[in-house]
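Written out below as structure tokens is the structure these notes cover.
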Amino acid sequence: MGEAKRRKELGLPPREKPVELKLPVLDKENIQKKVRSFLYKNPIVPFVFYGLVLGAFGWGLYNLVKGYQLIKS
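Right, dumping it as structure tokens:
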């Protein structure tokens with residue numbers, strides 16, 4: 006006797022089949038179009054991004070020099 010018949014005789018619901026998880030398929034061209042359209046609408050974004058990166062680099066360099074001066078003296 007198979008498992009399905011036994012479950013039916015015992016009054017149990019059918020066994021749940023495992024759900025296979027798959028990674029979502031990304032449409033690269035569609036994403037590129039959305040990013041480009043966003044950047045065309047907001048041309049300041051790259052300048053702000055690069056400004057923030059340079060600012061963070063400068064701040065880290067400043068703290069590095071300040072910390073070196075504290076250790077030195």
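Numbered as in the working numbering, the sequence shown ends at 78 without a single skipped number.
Think of the CB as a built atom: it goes at the ideal place given N, C-alpha and C, for glycine as much as any other residue.
None of these values were measured; they are calculated from a predicted model.
In whole angstroms, what is the alpha-carbon distance linking residue i and residue j?
| i | j | result |
| --- | --- | --- |
| L15 | G7 | 12 Å |
| V1 | W64 | Nothing in the structure corresponds to residue 1, since the chain is present only between 6 and 78. |
| F52 | Y45 | 13 Å |
| F54 | A9 | 60 Å |
| E25 | N47 | 40 Å |
| K77 | Y67 | 15 Å |
Hey, residue i and residue j are a contact pair by Cβ (cut 8 Å); roughly how many whole angstroms apart?
| i | j | result |
| --- | --- | --- |
| R11 | R20 | Their Cβ separation, rounded to whole angstroms, is 11 Å, which puts R11 and R20 out of contact at 8 Å. |
If I follow the unbroken alpha helix (DSSP H) through residue i, where does it start and stop?
| i | result |
| --- | --- |
| P51 | 50–77 |
CB-CB under 8 Å to residue i, same chain, minus the five flanking residues each way: which ones, in chain order?
| i | result |
| --- | --- |
| F43 | V50 |
Output needed for residue i: all residues of its chain with C-beta closer than 7 Å, excluding positions within five of it in sequence on either side, in chain order.
| i | result |
| --- | --- |
| L17 | none |
| G72 | none |
Near residue i, which residues of its chain fall below 6 Å by C-beta distance, leaving aside the five closest residues on each side in sequence?
| i | result |
| --- | --- |
| L28 | none |
Would the C-beta of residue i count as close to the ligand GDP, meaning under 8 Å from any of its heavy atoms?
| i | result |
| --- | --- |
| K33 | As for the ligand GDP, it is missing from this structure, which has no ligand bound. |
Identify every run of the alpha helix (DSSP H) within the region 7–37, keeping only runs that are complete inside it and at least 4 residues long; order them along the chain.
8–15
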